[in-house]
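Scroll down for the structure; my scribbles are underneath it.
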Amino acid sequence: GAVVSQHPSWVICKSGTSVKIECRSLDFQATTMFWYRQFPKQSLMLMATSNEGSKATYEQGVEKDKFLINHASLTLSTLTVTSAHPEDSSFYICSASRDRWTDLEQYFGPGTRLTVT
Amino acid sequence: AQTVTQSQPEMSVQEAETVTLSCTYDTSENNYYLFWYKQPPSRQMILVIRQEAYKQQNATENRFSVNFQKAAKSFSLKISDSQLGDTAMYFCALEYGNKLVFGAGTILRVKS
């Protein structure tokens, strides 16, 4: 159990366009979902935390107007990169967690590689 | 602020040998959790082992064990009987307030 999927697994878009990445918990209800960004051979940097039905909480330095996060249900969160630029090219990873009091583990999706040309 | 430091960018080990990956951290919290994650070339994050700070006993999962020194804020990972499939990037992570802070990672290469 505790499987998280991401779609698409890779995407190429043109500079100035927007792209949406989906994160789904397939066999559990995710109270909280997280979005990370990872550059090649570097660590994961937390971008934002979202709870179902609430506005996302963004980490310092992350542009909330550029990286729109929606957590519309207990199984789906989306990250939309608006007006993408080449510097937004990266590997984006989501994770999901259940109720913290029963299971504090974060379950990670397989990631989405975004290339902006 | 919570920080996690992995001072070994890359390590290599012969198949069947034992290797230890280092991790130190800093936190002002008393209750927290520590994790080791593995990220193979597929880039899927895989939980290797976790340790609750309130537990004195070191966690063990098959060939993987940790040496948790709370006073020294040290959390090293020992991999015994290394296998080729252990080749991956390993991240140490500190959990506080439902957030994970990751170290920079250590690339481990297992050689045949």
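Protein chains in written order, with this note's numbering: chain A, -2 to 114; chain B, 35 to 146.
Every residue, glycine too, gets a C-beta built ideally from N, C-alpha and C.
Under the three-state DSSP convention, the category residue i falls into
| i | result |
| --- | --- |
| residue 24 of chain A | coil |
| residue 68 of chain B | strand |
| residue 60 of chain B | strand |
| residue 84 of chain A | helix |
| residue 76 of chain A | strand |
| residue 71 of chain A | coil |
| residue 101 of chain A | coil |
Nearest to residue i (by Cα), restricted to the options the options
| i | options | result |
| --- | --- | --- |
| residue 23 of chain A | A:0, A:88, A:105 | A:0 |
| residue 113 of chain B | B:122, B:105, B:107 | B:122 |
| residue 107 of chain A | A:16, A:49, A:35, A:27 | A:35 |
| residue 140 of chain B | B:70, B:94, B:48, B:61 | B:70 |
| residue 106 of chain B | B:49, B:62, B:48, B:35 | B:62 |
| residue 120 of chain B | B:130, B:104, B:65, B:80 | B:80 |
| residue 86 of chain B | B:76, B:55, B:130 | B:130 |
Span separating the alpha-carbon of residue i from that of residue j
| i | j | result |
| --- | --- | --- |
| residue 57 of chain B | residue 39 of chain B | 6 Å |
| residue 62 of chain A | residue 12 of chain A | 16 Å |
| residue 101 of chain A | residue 124 of chain B | 20 Å |
| residue 76 of chain A | residue 95 of chain A | 19 Å |
| residue 74 of chain A | residue 51 of chain B | 42 Å |
| residue 86 of chain A | residue 95 of chain B | 36 Å |
| residue 67 of chain B | residue 29 of chain A | 18 Å |
| residue 78 of chain A | residue 37 of chain B | 28 Å |
| residue 5 of chain A | residue 88 of chain A | 12 Å |
Beta carbon of residue i nearer than 8 Å to that of residue j
| i | j | result |
| --- | --- | --- |
| residue 105 of chain A | residue 78 of chain B | yes |
| residue 118 of chain B | residue 127 of chain B | no |
| residue 111 of chain B | residue 45 of chain B | no |
| residue 26 of chain A | residue 109 of chain A | no |
| residue 90 of chain A | residue 43 of chain A | no |
| residue 83 of chain A | residue 59 of chain A | no |
| residue 47 of chain A | residue 66 of chain A | yes |
Supposed close pair residue i, residue j - CB separation, criterion 8 Å
| i | j | result |
| --- | --- | --- |
| residue 15 of chain A | residue 81 of chain A | 7 Å |
| residue 83 of chain B | residue 102 of chain B | Between residue 102 of chain B and residue 83 of chain B the Cβ distance is about 10 Å, and since that is not below 8 Å, they are no contact. |
| residue 53 of chain B | residue 116 of chain B | 6 Å |
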